[in-house]
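Enquirer:
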Amino acid sequence: MVISVSSKLDFFSKYAVKTEIIKPKRIAFTVKSEDVRHIFEELIKQHGHGAFYVSTIAGTDLPGENKIRLDYYVVLLPEEETIVIRTYLDRSNPLVDSLVDIIPGVLSGECETHDLLGVFFKGNPFLKRGFFVALDVAEKGIYPLRKDSGV
Amino acid sequence: MVCNMGVTKVIEVPIITAEIPIGPQHPALHEPLLLKVYADGEEIIRAEVNTGYNHRGVEKLCEKNTFYRDLFIVGRVCGICNTVHANCYVRALEYLLDARPNNRARYLRVLAMELERIHSHMLINAVMAEIVGFDTLFMQIMLDRERVMKAKEILTGNRVLADYMIVGGVRRDIDEVKRARIRDLLLKLKPRVEYYKKVFMEDETIVKRLVDIGVLKPVDVTSHSLVGPVARGSGVKIDSRASDRYDAYDEIPFNVVTRTEGDSWARMMVRWDETLEAINMCLYILEKLPFDGNPVPDEKRLPRVIPHGESYARVEAQRGELTYYVMSDGRSPSPYRVKIRTPSFNNVINSAFMYVGLSIADVPVALTSLDPCISCMERVTVIDLEKNTRYKLTLRELAGGKV
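Chains as they are written, first to last, in this note's numbering: chain A, -5 to 145; chain B, -16 to 386.
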């Protein structure tokens, strides 16, 4: 299957471990978790802040594989093509570099993913429990979107 | 030492920085949200957004219920944009099923969503009129908004919560009588919207309160992931309808409205222009509604199992890009994961930087221009040195000398 990727993503080839399609036609690049920040830094360096925005950060708990999957949905402008940067974190120690200092727009997504799934974004000073989850749940140390949370 | 001088009460009004909580509870507040601003005199020097007052656990609820029950849950994420939520979720399921509704259903879906856009944009413009102290205009707009509410009721069976979308189509078809009535209502509404747009352009009070307030540069919009009319008001052309061309948006002509000013006024004007575009789209749909079969699928024949896979749907809600990620494991009758990202989630939480430099009185205007609706509440702390207690007063009480 030939995947047409715009020229903005040429440098992705050196990071992408795997490429797949999320319906309908959203190209997902699986990368190593330590590369996520480098990719965004390079995207900003090559094309600037006006060339894309991070639309959504979606975390998924995969207890069967002992992983937490993190998807960054990025909309490339001006053609508004949505691509996905996907990475897998160790479920027992889900840690990834924060992007909030280079892309302030990820603040809401990172805070939410931390509060609901327990992912730690290294370097984000705004992470806290109870940002979205009710405090009585947060105080018990429960991350509600984990499959074994019992919520 | 102070007590010795005969002073028993001190009013603590910080001279350097005053902390002013806006929300989370207030009669005029439409959403429980706390916007905490720090002011140096009248000027805002920092703003924080605090959420978590209304956690409902919708994503978890979706995982616990079946794919089809979730249709009713996602429609209740937000009252005023329930058809777009349902549409986005339904399309995510349709991508998984490789299903496509017929043309008539696709046109009717767009009709419902555009009617919703009209009443939502009218509501926030009315609220803006109220915020700037123009209550008569608020009432006038809300009165005319009733026409579109009626039109939506004729189409979907309900004024607000429609539950109109269903996998493979819509829940109700319309006949010639309904079509004529909706068209009639929209034709009566159109000159009123044109008039309100003129009021927003020419009225001195509105222009003075809105122009140059909360200016957002295009690069700030993209770096802070702001979407919808907020982005388009700053000249950033983001519109899922134009890029994803879902449902019948590939066949219905419309313009993506943008302005370059980037201030609160531009955002409200984008909404008025989009309202007019939406009315024209609805009239086009009512005129060209195709007849290619029944748009209402038989619920009993819907597929019981959703195939294994992932899908990510985008929809241009009234407030901006709304996204749904749905994952099915192919075995369970419930989704493995549903991720909802609403436009206000980005627009409200990530926009704290916008308030810096504004005066306190401009904060409600800037906030309303993002399309949540939160009013102001200022307080000071009174410290009673004799009793060693603290209590808070509103500025109104303070002005009335009730210290």
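Just so you know, even glycine gets a beta-carbon here, dropped at the ideal spot from N, CA and C.
Remember, predicted model here, so these are calculated numbers, not experimental data.
Would a check of beta-carbon distances place A225 of chain B closer than 9 Å to chain A?
Expert: For this step, residue 225 of chain B is matched to residue 242 along the second sequence. So, interface residue.
Enquirer: Answer yes if the region 188 to 205 of chain B comes into contact with the region 52 to 65 of chain B, meaning at least three C-beta pairs across the two stretches below 8 Å, and no otherwise.
Expert: In short, these stretches do not touch, since the Cβ pair count stays below three.
Enquirer: Roughly how many angstroms lie between the CA atoms of M360 of chain B and Y232 of chain B, to the nearest whole one?
Expert: Residue 360 of chain B sits at position 377 when you count from the first residue of the second sequence. Residue 232 of chain B sits at position 249 when you count from the first residue of the second sequence. Its pLDDT being 26, under 50, M360 of chain B is placed unreliably by the model, and nothing is read from it.
Enquirer: Could you spell out where the beta strand (DSSP E) holding D84 of chain A opens and where it closes?
Expert: Looking up residue 84 of chain A in the first sequence gives position 90. Run containing D84 of chain A: 75 to 84, per the beta strand (DSSP E) assignment.
Enquirer: When DSSP builds the beta bridges, which residues end up paired with N70 of chain B?
Expert: Here the question's residue 70 of chain B lines up with position 87 in the second sequence. The partner list for N70 of chain B (beta bridge, DSSP) is empty, contrary to what the question assumes.
Enquirer: Closest Cβ-Cβ distance between D222 of chain B and chain A: below 9 Å?
Expert: Start at 1 with the first residue of the second sequence, and residue 222 of chain B comes out as number 239. So, interface residue.
Enquirer: If contact is defined by three or more beta carbon pairs under 8 Å, each pair taking one atom from either stretch, is the region 50 to 57 of chain A in contact with the region 313 to 326 of chain B?
Expert: Enough Cβ pairs lie closer than 8 Å, so yes.
Enquirer: Can you tell me whether P98 of chain A is buried or exposed? The criterion is at least 16 other CB atoms within 10 Å of its CB, across all chains shown.
Expert: Here residue 98 of chain A refers to the residue found at position 104 when the first sequence is read from its first residue. By the neighbour-count rule (16 or more Cβ atoms within 10 Å), P98 of chain A is buried.
Enquirer: Find the residues of chain B that neighbour E74 of chain A, judging by a C-beta separation of less than 7 Å, and give them in chain order.
Expert: As a first step, residue 74 of chain A is located in the first sequence; it is residue number 80 there, counting from the start. Going along chain B in sequence order, the residues near E74 of chain A (Cβ under 7 Å) are I221, S226.
Enquirer: Identify whether E26 of chain B lies in helix, strand or coil by the three-state DSSP scheme.
Expert: Translated into positions along the second sequence, residue 26 of chain B becomes position 43. DSSP places E26 of chain B in strand when its eight states are reduced to three.
Enquirer: For the region 3 to 23 of chain A, list every residue whose C-beta sits within 8 Å of some C-beta in chain B, in sequence order.
Expert: Hits within the stretch, in order: I16, K17, P18, R20.
Enquirer: State the beta-bridge partners of F23 of chain A as determined by DSSP.
Expert: Taking the first residue of the first sequence as 1, we reach residue 23 of chain A at position 29. Its beta-bridge partners are A:T13, A:I79.
Enquirer: Applying the criterion that 16 or more other CB atoms from any shown protein chain within 10 Å of the CB defines a buried residue, is Y374 of chain B buried or exposed?
Expert: Position 391 of the second sequence, counting from 1, holds the residue named residue 374 of chain B. Only weak support exists for where Y374 of chain B lies, its pLDDT of 49 falling under 50; the value from the coordinates is given anyway. Per the 10 Å Cβ criterion, exposed.
Enquirer: Helix, strand or coil, according to DSSP, for R324 of chain B in the structure here?
Expert: Here residue 324 of chain B refers to the residue found at position 341 when the second sequence is read from its first residue. R324 of chain B falls in the strand class under three-state DSSP.
Enquirer: Quick check on F88 of chain A - is its C-beta less than 9 Å from some C-beta in chain B?
Expert: Residue numbering aside, residue 88 of chain A sits at position 94 when the first sequence is read from its first letter. One point to set straight first is that residue 88 of chain A is Pro, not Phe, in the sequence displayed. Output row for P88 of chain A: interface = no.
Enquirer: For chain A, is any of its Cβ atoms less than 9 Å away from the one on I357 of chain B?
Expert: Stepping through the second sequence from its first residue, residue 357 of chain B is reached at position 374. Any answer about I357 of chain B is weak, because its pLDDT of 33 lies below 50 and its placement is not dependable; what the coordinates show is given next. Not an interface residue.
Enquirer: With distances taken between CB atoms, is the gap from V30 of chain A to L64 of chain A smaller than 9 Å?
Expert: Residue 30 of chain A sits at position 36 when you count from the first residue of the first sequence. Residue 64 of chain A sits at position 70 when you count from the first residue of the first sequence. Yes, Cβ-Cβ distance for V30 of chain A and L64 of chain A is below 9 Å.
Enquirer: Please state whether DSSP places D95 of chain A in a helix, a strand or coil.
Expert: Numbered from 1 along the first sequence, position 101 holds the residue referred to as residue 95 of chain A. Of the three classes helix, strand and coil, the one that applies to D95 of chain A here is coil, per DSSP.
Enquirer: Give a yes or no on whether the minimum CB-CB distance between I235 of chain B and chain A is below 9 Å.
Expert: As a position in the second sequence, residue 235 of chain B is number 252, starting the count at 1. Cβ-Cβ to chain A under 9 Å: no for I235 of chain B.
Enquirer: Comparing the C-beta of P138 of chain A with each C-beta of chain B, is any distance below 9 Å?
Expert: As a first step, residue 138 of chain A is located in the first sequence; it is residue number 144 there, counting from the start. Cβ-Cβ to chain B under 9 Å: yes for P138 of chain A.
Enquirer: Using a Cβ distance threshold of 8 Å, determine whether the region 273 to 288 of chain B contacts the region 81 to 98 of chain B, with at least three qualifying pairs required.
Expert: They touch, by the three-pair rule.
Enquirer: Quick one: what does DSSP say F5 of chain A is sitting in, helix, strand or coil?
Expert: The residue you call residue 5 of chain A lines up with position 11 of the first sequence. Note: F5 of chain A maps to helix in three-state DSSP.
Enquirer: Going by beta carbon distance, what residues of the same chain come within less than 6 Å of I77 of chain A, once the five residues before and after it are set aside?
Expert: In the first sequence, residue 77 of chain A corresponds to position 83, counting from 1. Excluding sequence neighbours, I77 of chain A sits near I21, V68.
Enquirer: When you compare the CB of V202 of chain B with every CB in chain E, is at least one pair closer than 9 Å?
Expert: Although the question refers to chain E, the structure presented lacks it and instead comprises the protein chains A and B.
Enquirer: For a contact defined as C-beta to C-beta under 8 Å, what are the partners of L43 of chain A on chain B?
Expert: As a working mapping, residue 43 of chain A is identified with position 49 in the first sequence. The question names Leu, but residue 43 of chain A in the sequence shown is His. Near H43 of chain A (Cβ distances below 8 Å), the residues of chain B are V202, T205, S206.
Enquirer: Which residues of the region 64 to 84 of chain B have a Cβ closer than 7 Å to any Cβ of chain A? Give them in chain order.
Expert: Residues passing the 7 Å Cβ filter: Y78, L79.
Enquirer: Cβ atoms of A145 of chain B and I165 of chain B: under 9 Å apart, would you say?
Expert: Residue 165 of chain B sits at position 182 when you count from the first residue of the second sequence. Residue 145 of chain B sits at position 162 when you count from the first residue of the second sequence. No. Outside cutoff.
Enquirer: DSSP three-state call for F34 of chain A: helix, strand or coil?
Expert: In the first sequence, counting from the first residue as 1, residue 34 of chain A sits at position 40. Reduced to three states, the DSSP call for F34 of chain A is helix.
Enquirer: With a cut-off of 9 Å, does the C-beta of I97 of chain A fall near any C-beta of chain B?
Expert: Locating residue 97 of chain A in the first sequence gives position 103, where the first residue counts as 1. Closer than 9 Å: yes.
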